[in-house]
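The next block holds one structure in the form of structure tokens; read it before the comments.
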Amino acid sequence: AQKVTQAQTEISVVEKEDVTLDCVYETRDTTYYLFWYKQPPSGELVFLIRRNSFDEQNEISGRYSWNFQKSTSSFNFTITASQVVDSAVYFCALSEGTGANNLFFGTGTRLTVIP
Amino acid sequence: GAGVSQSPRYKVAKRGQDVALRCDPISGHVSLFWYQQALGQGPEFLTYFQNEAQLDKSGLPSDRFFAERPEGSVSTLKIQRTQQEDSAVYLCASSSRLAGYNEQFFGPGTRLTVL
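Note that the protein sequences, when read in sequence, are chains X and P. In terms of the numbering used here, the first sequence opens at residue 1 and continues consecutively. In terms of the numbering used here, the second sequence opens at residue 116 and continues consecutively.
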């Protein structure tokens, strides 16, 4: 069975601090995809990144970076020098390589960046 | 428009009423998904279409929920005899190919409140 756990329900940081959002997943498939989505107060889910299970290379995009470790089944997301505009709910999601490829979401982490 | 659109954005229904929620995916996108997002939770999969074929409806919570995509483009999610537990945001997402390989683009959602 597939499962995504985001243990941090809410995080508050002061602007310019770095923050890491944790994600732990479970799947029996050897082929799967991991995603992060951002949901700002407007409600629309915004795609941030996709990684496949065969590519453990970490990725950096501007102030965002992702650390994928199969050994610990984790796909953590770090925001460097946080800004007020980063305030949102962040969801980690898993798509297995078989079936409908629908997304299984975690419960989300609400990030508040305090100016 | 360039993105996924949904209508109405807000719907208030009395318990027992039928509702219909519309999704216009990105033009040319083959895959279409419906998700239900309860307050404070991550989205949960309802059903999946590939073109006009409904390939997976395992997430529909009861036989009161019905979805269609007759011409492989616009999709409608219908809920019959609405109950209070149906109150949630209903999200539609589309993807250009098999979703495991491509990110899903989400619409703004329809917030359904059942009184």
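Using N, Cα and C, we set each Cβ at its ideal position, and we do this for glycine too. Remember, predicted model here, so these are calculated numbers, not experimental data.
Partners in chain X for residue i, counting only beta-carbon separations shorter than 7 Å
i	result
G157(P)	F91, F105, G106, T107 and G108
F148(P)	N102
Residue i - partner residues in DSSP beta bridges
i	result
A135(P)	K193(P)
F54(X)	For F54(X), which the question treats as bridged, DSSP gives no partner whatsoever.
T5(X)	V24(X)
L34(X)	R51(X) and L94(X)
D171(P)	Y163(P)
A182(P)	L192(P)
Q121(P)	C138(P)
R110(X)	E10(X) and V89(X)
8 Å Cβ cutoff, residue i in contact with chain P
i	result
G62(X)	no
R50(X)	yes
Contacts of residue i in chain P (Cβ-Cβ under 8 Å)
i	result
E44(X)	F221, G222, P223 and G224
F35(X)	E218
Min CB distance residue i to chain X below 8 Å
i	result
V229(P)	no
Y125(P)	no
Partner residues on chain X for residue i, Cβ-Cβ distance less than 8 Å
i	result
V204(P)	G43
Closer than 9 Å at the beta carbon, the chain P residues around residue i
i	result
A47(X)	With the sequence shown as reference, residue 47(X) is identified as Phe, and Ala is not the correct amino acid for it. In chain order: E218, Q219, F220 and F221.
Chain X contact residues for residue i, given Cβ-Cβ distances below 9 Å
i	result
F160(P)	A100, N102, L103, F104 and F105
Cβ contact check for the segment 61-77 of chain X and the segment 19-30 of chain X: 3 or more pairs under 8 Å:
yes
Any contact between the segment 188-197 of chain P and the segment 131-140 of chain P? By contact I mean 3 or more CB pairs, one from each, below 8 Å.
yes
Touching by the beta-carbon criterion (3+ pairs, under 8 Å), the segment 121-130 of chain P and the segment 45-61 of chain X:
no
Three or more beta-carbon pairs under 8 Å between the segment 34-41 of chain X and the segment 78-91 of chain X, yes or no?
Yes, the segment 34-41 of chain X is in contact with the segment 78-91 of chain X.
The segment 40-49 of chain X in contact with the segment 4-24 of chain X per 3-pair CB rule at 8 Å
Flag = no, the segment 40-49 of chain X and the segment 4-24 of chain X do not touch.
Write down every uninterrupted run of the beta strand (DSSP E) in the segment 41-98 of chain X whose length is 3 residues or greater and which is fully enclosed by it, in chain order.
46-52, 59-61, 64-69, 74-79 and 88-96
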